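Reviewing the structure listed below.
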Amino acid sequence: MENGAARTAQPVIVAIDGPSGTGKSSTSKAVAAQLGLSYLDTGAQYRAITWWMVTNGIDIDDPTAIAAVAGKADIVSGTDPAHPTITVDGVDVAGPIRTQEVTSKVSAVSAVPEVRARITELQRSLAASAETGIVVEGRDIGTTVLPDADLKIFLTASPEARAARRSGELKGADLHTTREALIKRDAADSSRKTSPLAKAGDAVEVDTTDLTLSQVIECVVTLVEEKRAAR
Ligand code: DC
């Protein structure tokens, strides 16, 4: 830990993008903890605004209705990698944002440009105020939110590996159904007009299909340290 603190003398911004089930969250949290950096799960922010829309009876199939209230939810993210938190209007929504209902609606809500503008603003301000630096994970961090990040990683894995990991997280959910749902959500996230899921031209691609989580973490920590040494 002392080592980690010493290594953080210069703030460093790390963007980690990729589709679901590639190990983004576990990797990002562990890398941030190891290097003494803050951590931001941007998917949780899109889930939180989706939860607010559902709770307030907004028609998810109506982008104009979503856009009209995009600025209403007060979303606050706690960026300690050991204990990330998320609240909406002061309510802890860490549990409710992981329900099947929110998961099935988040792609539609996050495709609305007004929603993306609002959440992107929150993300940039959190990154700018992170004193030691931050690991930000999402879909459009390297391309749109933080195009000047010191290091950009794009995590990939085969659809089979991603579905197996997700169904493990969901305590044995049916593999075939999980795979189909993942592919559908990735297709929606990759094909939307405003800042789709995409690899930045200067991102390092890491295929995690045959790697353990520890190997992926080690790989990213090494890449951050190399970047730091080169500055
Ligand atoms: O990482 P996750 O599965 O919790 O993300 C939930 C959804 O949020 C995902 O389907 C796409 C969207 N998202 C996004 O559009 N942009 C981001 N930077 C992060 C997530």
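Oh and the sequence shown: position 131 is 131 in UniProt numbering, straight run, nothing missing. Quick reminder that beta carbons are idealized off the backbone N, C-alpha and C, glycines included. Computed from a prediction, not measured in an experiment: that's the story for all the values here.
I'd like the list of long-range same chain contacts for residue 284, defined as Cβ closer than 8 Å, with 5 residues on each side in sequence excluded. With the chain running from 1 to 231 in the structure shown, residue 284 is simply not present.
Cβ of I183 within 8 Å of Cβ of D17? no
Should the segment 176 to 196 be regarded as contacting the segment 11 to 27, the criterion being three or more beta carbon pairs within less than 8 Å? yes
From I66, S110, E225, T64, pick the residue whose C-alpha is nearest to that of T197; which is it? Looking at the sequence shown, residue 197 is not Thr but Leu. Nearest option by C-alpha distance: S110.
At a cut-off of 7 Å, is S77 close to ligand 1 when judged by its beta-carbon and the heavy atoms of the ligand? no
P147 classed as buried or exposed, judged by whether at least 16 other C-beta atoms fall within 10 angstroms: exposed
If you measure between the beta carbons of T209 and A157, is that distance less than 8 Å? yes
With a threshold of 16 other CB atoms inside 10 Å of the CB of S107, please say whether the residue is buried or exposed. buried
What whole-angstrom Cβ distance do A67 and V112 have, given they're in contact under 8 Å? 5 Å
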